[in-house]
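Undergrad: Numbering (the numbering used here), first residue to last: 530 to 888. Attaching a single structure in structure tokens format; questions to follow.
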Amino acid sequence: MKHVVKIILLFFNALWGLFLIMGAYSAYCPTRIGILLELLFPLNLFVCVAFLFVWLAYKPRFIWVPAAALVLAWGGIARYCPIHKPHKPDNSEPGFTLMTYNTYFMLDYQGSETPQNRTLSFILTQNADVVCLQESPELNDPNPGLKITPEQIDSIHTRYPYRIPTSHGMNFLSKYPARLLFDTVYSESSAVAAYQVQIDNREVTIVNQHMESIGLTQTDKELYHEITAHPNTDYIDEVKKHLLSKLINAARARNQQADLTAERIDSIAGNVIVCGDFNDSPLSYAVRRFRRMGFRNAYNELGLGPGITYHANRFWFRIDHILYKGDLEARWLERLRYKSSDHYPLLTRFVWEPPAEKH
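Structure below.
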């Protein structure tokens, strides 16, 4: 009987190890299976780590099976869950700070009773030099329904003299001179806008991206919440019908949108930053598409842990990203755990990099 149990454990360990490896590099093959394995990557990682401890307690000589899977999948693991010593915010070197934030249309996710808009107050408190907002109303006038007060609008206009609201909730706030390069709507839930900013006599192109949303209804989200709270095989048919197809179709749409944005900015030389709500994980084709163009991932270079940026409905993923290339370097990065929105904002500091130190 023990031999049978050992064979079964080895089989499932090898199977989950294969799933983990395929998920780690799924961006190279963004098919239906690849997208599914990318979505299941954190689960497969957990299972392989669990097998590591199972073999350690049961049959140590088989520990090499999960260990081999973890080693082979390390490229994906390091991107999904980087491990770096946190850097304290330091603005002593010349450069600028950038925030990307999906603001949930300035609604209060927690429903807090406050006299002013919490999200806008938080943005002002952080005092970033450049702010890329997604799902944001135009900040031209007070809005009593959103608790956006005249004082907050005055503060925004004083702090950020260069403001570029664009279609589909894309908003850009800058302390430095900026102009709109292009603004493109991909779908009802996706748009991209690019801006040219003059900072310290240098030119930076900043691309504010909001990619296709997951596309789940409230009923779908409630189903997912129930599944994660009470796992049960009875839900399999409903998962296939209501969740997986929508998740995969949305991922395919994001892949196409990433290609379109990449083609649009491919001819732009110099300092370029692509940031925003990708609605996609660090292992996705969309993120890899820009990495192929020489973009570096600020969180992967500076972050610690999975860095979850979306915290609603048990969809705990890092789907907001800051990618960059050129004569600049991300020096520190903070994931600001403020819950007035369903997303956490990312705040990073870029410093100018002499050409001799280019990566």
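All C-beta atoms, glycine included, are put in the ideal place defined by N, C-alpha and C.
Taking 8 Å as the threshold (C-beta atoms), are V714 and A720 in contact?
TA: Counted from its first residue, the sequence shown places residue 720 at position 191. Counted from its first residue, the sequence shown places residue 714 at position 185. In this structure, V714 lies closer than 8 Å to A720 by Cβ.
Undergrad: For Q639, name the three-state secondary structure that DSSP assigns.
TA: Here residue 639 refers to the residue found at position 110 when the sequence shown is read from its first residue. DSSP places Q639 in coil when its eight states are reduced to three.
Undergrad: Using the rule of at least 16 other Cβ atoms within 10 Å of the residue's Cβ for burial, across every protein chain shown, is K887 buried or exposed?
TA: Along the sequence shown, read from residue 1 onward, the residue named residue 887 stands at position 358. Here K887 scores only 48 on pLDDT, less than 50, and its place in the model should not be relied on; the value that follows carries that caveat. It counts as exposed.
Undergrad: List the whole-angstrom C-beta distance separating L831 from L862, where the pair is believed to meet the contact cut-off of C-beta under 8 Å.
TA: Mapped onto the sequence shown, residue 831 falls at position 302. Mapped onto the sequence shown, residue 862 falls at position 333. So it is a contact: roughly 4 Å between Cβ atoms.
Undergrad: Helix or strand or just coil, what does DSSP make of F711?
TA: For the purposes of this step, residue 711 is identified with residue 182 of the sequence shown, where counting begins at 1. F711: strand per DSSP, three-state reduction.
Undergrad: Can you give me the Cβ contacts of D637 inside the same chain, cut-off strictly under 7 Å, excluding the 5 residues immediately before and after it?
TA: The residue labelled residue 637 in the question sits at position 108 within the sequence shown. Cβ within range, chain order: R647, S869.
Undergrad: What is the residue span of the alpha helix (DSSP H) that C577 lies within?
TA: Mapped onto the sequence shown, residue 577 falls at position 48. Element bounds for C577: 570-587.
Undergrad: Spatial neighbours of N800 within its chain, please: C-beta separation below 8 Å, excluding the five flanking residues on both sides.
TA: For the purposes of this step, residue 800 is taken as the residue at position 271 of the sequence shown. Hits under 8 Å: R731, E732, V733, T734, Y853, K854, G855, D856, L857.
Undergrad: Bridge partners of H850, per DSSP?
TA: The sequence position of residue 850 within the sequence shown is 321, counting from 1. In DSSP, H850 forms a bridge with G805.
Undergrad: So Y609 and P835 are in contact, right, with Cβ under 8 Å, and what is the actual spacing, rounded?
TA: Within the sequence shown, the letter at position 80 stands for residue 609. Within the sequence shown, the letter at position 306 stands for residue 835. Contact flag correct, Cβ pair sits at about 6 Å.
Undergrad: Got a sec? Which residues, its chain only, sit under 7 Å from D788 by beta carbon, not counting five neighbours each side?
TA: Here residue 788 corresponds to residue number 259 of the sequence shown, with the count starting at 1. Cβ neighbours of D788 beyond the five flanking positions: R818.
Undergrad: Considering only residues of the same chain and omitting the five flanking positions on each side of F541, which have a CB-CB separation below 6 Å?
TA: For the purposes of this step, residue 541 is taken as residue 12 along the sequence shown, with counting starting at 1. No residues qualify anywhere along the chain.
Undergrad: Does the beta-carbon of M699 have 16 or more other beta-carbons within 10 angstroms, so that it is buried, or is it exposed?
TA: Locating residue 699 in the sequence shown gives position 170, counting from the first residue. So M699 counts as buried.
Undergrad: Nearest to M635 by CA position, among S621, L668, V880, P611, is which residue?
TA: Here residue 635 refers to the residue found at position 106 of the sequence shown. The shortest Cα separation from M635 among S621, L668, V880, P611 belongs to L668.
Undergrad: Rounding to the nearest angstrom, what Cα-Cα distance links R864 and Q655 in this structure?
TA: The residue you call residue 864 lines up with position 335 of the sequence shown. The residue you call residue 655 lines up with position 126 of the sequence shown. Approximately 12 Å, taken between the alpha carbons.
Undergrad: Go through its chain and collect everything with a Cβ distance to A827's Cβ below 6 Å, but skip five positions before and after it.
TA: Numbered from its first residue, the sequence shown carries residue 827 at position 298. Closer than 6 Å at Cβ, skipping near neighbours: I851, A859, L862, T877.
Undergrad: Considering S703, what are the terminal residues of the beta strand (DSSP E) in which it resides?
TA: Counting from 1 along the sequence shown, the entry for residue 703 is found at position 174. Taken as a continuous stretch (DSSP letters only), the beta strand (DSSP E) holding S703 covers 700-703.
Undergrad: For the candidate residues N631, I537, S703, whose alpha-carbon lies nearest to that of D849?
TA: As a first step, residue 849 is located in the sequence shown; it is residue number 320 there, counting from the start. Closest by alpha carbon: N631.
Undergrad: Using alpha carbons as the reference points, say which of R590, A598, K614 lies closest to L833.
TA: Working through the sequence shown from its first residue, we reach residue 833 at position 304. Ranking R590, A598, K614 by Cα distance to L833 puts K614 first.
Undergrad: Grab the span of the alpha helix (DSSP H) containing W545 for me, first residue to last.
TA: Within the sequence shown, the letter at position 16 stands for residue 545. 531-553 is the extent of the alpha helix (DSSP H) around W545.
Undergrad: Give me, in chain order, the residues of the same chain whose beta-carbon lies closer than 8 Å to that of N829; leave out the 5 immediate sequence neighbours on both sides.
TA: Position 300 of the sequence shown, counted from the start, is the residue given in the question as residue 829. So the qualifying residues of the chain are A607, R608, P611, P811.
Undergrad: Taking the alpha-carbon of G546 as reference, which of P571, V533, A586, P559 has the nearest alpha-carbon?
TA: Here residue 546 refers to the residue found at position 17 when the sequence shown is read from its first residue. If we check each option's Cα against that of G546, P571 comes out closest.
Undergrad: Tell me, please, which residues DSSP counts as bridged to E858.
TA: What you label residue 858 is simply residue 329 of the sequence shown in a count that begins at 1. Bridge partners of E858: V880.
Undergrad: In the structure shown, what three-state DSSP assignment does A607 receive?
TA: Position 78 of the sequence shown holds residue 607. In this structure, A607 counts as helix in the three-state DSSP scheme.
Undergrad: Verify whether the separation of the beta carbon atoms of M740 and A815 is less than 8 Å.
TA: Residue numbering aside, residue 740 sits at position 211 when the sequence shown is read from its first letter. Residue numbering aside, residue 815 sits at position 286 when the sequence shown is read from its first letter. Yes. Within cutoff.
Undergrad: Which word fits K531, buried or exposed, when buried means at least 16 other C-beta atoms lie within 10 angstroms of its C-beta?
TA: One-based indexing of the sequence shown puts residue 531 at position 2. Exposed, by the Cβ-count rule.
Undergrad: Which value, in whole angstroms, describes the spacing of the CA atoms of D806 and Y587?
TA: Looking up residue 806 in the sequence shown gives position 277. Looking up residue 587 in the sequence shown gives position 58. C-alpha separation (whole angstroms): 44 Å.
Undergrad: Am I right that I777 and L565 are in contact with their C-beta atoms under 8 Å? What's the rounded C-beta distance?
TA: As a position in the sequence shown, residue 777 is number 248, starting the count at 1. As a position in the sequence shown, residue 565 is number 36, starting the count at 1. That pair is a contact at about 7 Å.
Undergrad: Checking the sheet assignment: what are the DSSP bridge partners for C661?
TA: If you number the sequence shown from 1, residue 661 lands on position 132. BP columns for C661 point to T629, F701.
Undergrad: Taking the alpha carbon of S665 as the point to measure from, which residue in S650, H697, S641, I682 has its own alpha carbon closest?
TA: Residue numbering aside, residue 665 sits at position 136 when the sequence shown is read from its first letter. If we check each option's Cα against that of S665, H697 comes out closest.
Undergrad: From which residue to which residue does the alpha helix (DSSP H) around H686 run?
TA: Counted from its first residue, the sequence shown places residue 686 at position 157. Looking at the DSSP string, the run of the alpha helix (DSSP H) that includes H686 is 679-688.
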